[in-house]
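Quick notes on the structure that follows.
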Amino acid sequence: MRLLKISVIVLFVLLQGCGSKSNPVTTPTSPPDSPSHLTDSQTTVPTNRYIWGIWDVRILGDRETVEIIPDRSSTMHFNIVRLMEEVPCTTCIAIIIKQLIPPDILSVDFRLQHPFPGPMNLCAFDLRGIIINGADYTFPANNRSVGMGHDKLVLLDPDGYTSLFNPTEFSEDTGMPPVLRYYPGKLEMDGDLSSTLNPFIAYSQDLPRRVFYVGSAETRNIQVRLPDVPVEFGYAVDISWMPVENVVDPLVDFPLEANCVEAYRIDLPDYIQVSAGGMSEVVVEIFDHQGYETISSVTVEAPEIFSGVIPFDFVESTGIESCTYSGEFTNELNAMPENYPLLVRVTDKFLDDIHGQVDAWHIGEVTVPEPPKEDPIAIAMADPLSVYTGDQVHFFDDGSYDPDGGDIVLFEWDWDNDGTPDETGEDVFHSWTDPGTYEVQFRVTDDEGATDELDGPFVIEVTEEIISGLARTWGGSDYDQGFGVATDGSGNVYVTGLFGFTV
């Protein structure tokens, strides 16, 4: 398979000197024994969030060309080290198309390289690549919109979601400092960038505090679902950082204030299920650099499953910076069998002095399964159960049904109970010419091919009335049930009737 060609224009900047050590975040040295420490109070802290770069990305109609156009110009480097003047870096970001997985899944390597070999005080924390897309789905209670449908580019299995730096709320004319605004690109994208909640790729996930060392590089392979091309989307790289002098060991010399304020990771169960009208309990694990006790609240929203948001409760700590929360919800809106999005929102006690409340978000999936398939129930009647030879027995379905709501499509009668049906129909008659005891089985089949038989067959007793050796016939004609014939010693024939007299 051919590799897609890439046209990459790089502008990668490292922000410096915008932090402050006033109002430091205080971090407990050990976790509390119970959740009683949790309060609703919030503390404002200086911002430590910066944009390293914003790009417009275009996948052209041939699905073989990708263009990446930077959204920053050299006049927008407010209070930063100007990369192009200090250490030129033309390979700090690279997007390498690995393969197209038919029909619409693209495997992509996103490579980021730290633009400086040193000094160590330029190490970054919690570096993320944010894919900014158009919106086609809204979580109304949280007022967050996200791109999820097949007509949007969708990052599969993201590490999380963020509301930061979306063009709707971080536009050029906002009151944000210039380094925190989303600027339109040089070529003015025609694509839809209306999402206010966007997925991100996290780097340095296996390193303590997710530190991104100077001079380091990392490649993350991701998969995206492509809509019809051409498609345009935004790509932003943000970091957490604060100015610190004389850094020898970044993990020791950088305080926790250099990490992101909000929870950096939310783990959801792989499979969440709730039946129609049923209830589901969900446990989520949350990780926060400043300690799990800085979490203020955890809520979930699933607009097709239930109304509003449901708060989750603290369960237990799983480490100094991690804990679990749990909650229950019911399928109160009777959602039909399908998969539905579940939004988790984690609010922190610390407020960013520029952004205000900075929340952590993640989107999982709730499955409403198909109801379990049930076999049909066979119910029938036979009348009478004792007859003479030649007399008919009336056999009929007496309310067979399919518990899972399907239809009964086949009714079968087995006159000798040998496992092979002899006749079909809901309402039938049958007679036997020979006397004896006969077992009759009845079977129904539903519209899904499932079957059921009676718990036990009908037992039909068939007799032949013989009086003085003569069969119940007279003049070559059969008589209805209840009539018989008799003869006396002189050969006279008598017909016996239902009314107790003899003709």
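Converting from the sequence shown to our numbering requires adding 697 to each position, the first position being numbered 1. No residue lacks a Cβ here, since even glycine has one placed at the ideal position from N, Cα and C.
Asked	Found
State the Cα-Cα distance for the pair A838 and S1004, rounded to the nearest angstrom.	8 Å
Tell me the DSSP bridge mates of N918?	D806
Checking the sheet assignment: what are the DSSP bridge partners for R746?	S937
Do D1124 and G1093 count as a contact pair if the criterion is CB distance below 7 Å?	Here residue 1093 turns out to be Phe, not Gly, going by the sequence shown. The answer is yes: Cβ separation under 7 Å.
Below 7 Å between beta carbons: does that hold for M976 and T1021?	no
Using a threshold of 7 Å, state whether the C-beta atoms of A821 and W938 are closer than that.	yes
Just tell me which of W1129, L824 and F984 has its CA closest to the CA of W749.	L824
Q1089 to S1128, Cα distance in whole Å?	4 Å
Is the beta carbon of L1039 closer than 7 Å to that of V997?	yes
Excluding the 5 residues preceding and the 5 following F1108 in the sequence, name in chain order all residues of the same chain whose CB lies nearer than 7 Å to its CB.	D1094, T1121, G1122, E1123 and V1141
Which residue comes first and which comes last in the beta strand (DSSP E) that contains L852?	V851 to L853
Should the segment 852-866 be called in touch with the segment 888-896, which here means at least 3 C-beta pairs below 8 Å?	yes
Which full runs of the beta strand (DSSP E) of 3+ residues lie inside the segment 1026-1105, going along the chain?	1035-1045, 1047-1049, 1057-1065, 1077-1080, 1083-1085 and 1089-1094
Measuring CB to CB, does G846 end up less than 7 Å from N830?	no
So M817 and P947 are in contact, right, with Cβ under 8 Å, and what is the actual spacing, rounded?	6 Å
By alpha-carbon positions, which one of T1044, D1101, Y747 and A1079 ends up nearest to E959?	T1044
Going by C-alpha distance, which of Y932, S1097 and T1086 is nearest A1077?	S1097
Tell me whether P816 sits in a helix, a strand or coil according to DSSP, three-state version.	coil
Under DSSP, the beta strand (DSSP E) around D967 begins and ends at which residues?	Per DSSP, D967 belongs to no beta strand (DSSP E) and is neither H nor E.
With a CB to CB cut of under 7 Å and the five nearest residues on each side skipped, what residues in its chain are close to D1115?	none
Could you say which of G815, L803 and L819 lies nearest to V851 if we only look at CA atoms?	L803
Is the distance from the Cβ of E978 to the Cβ of D964 below 7 Å?	no
Among residues of its own chain, excluding the 5 on either side of E927, which ones have a beta-carbon nearer than 7 Å to its beta-carbon?	Residue identity check: residue 927 is Pro in the sequence provided, not Glu. Once the five neighbours on either side are set aside, the close Cβ partners of P927 are R755, I756, L757 and G758.
DSSP state of Y989, grouped into three classes?	helix
Alpha carbon to alpha carbon, how far is S994 from P1008? Give it in angstroms, no decimals.	7 Å
What is the rounded straight-line gap between the Cα of K795 and the Cα of I765?	17 Å
Given a threshold of 16 other Cβ atoms within 10 Å of its Cβ, counted over all protein chains shown, does N943 qualify as buried or as exposed?	exposed
Provide the residue(s) that pair with C1020 in DSSP beta bridges, ordered along the chain.	I983 and S1014
Where does V1006 fall in DSSP's three states?	coil
Just to check my reading of the structure: E1136 and Y1085 have Cβ atoms closer than 8 Å, yes? What is that Cβ distance to the nearest angstrom?	That belief does not hold up - the Cβ atoms of E1136 and Y1085 are roughly 19 Å apart, past 8 Å.
Just the C-alpha distance for N918 and V1106, rounded to the nearest angstrom, thanks.	52 Å
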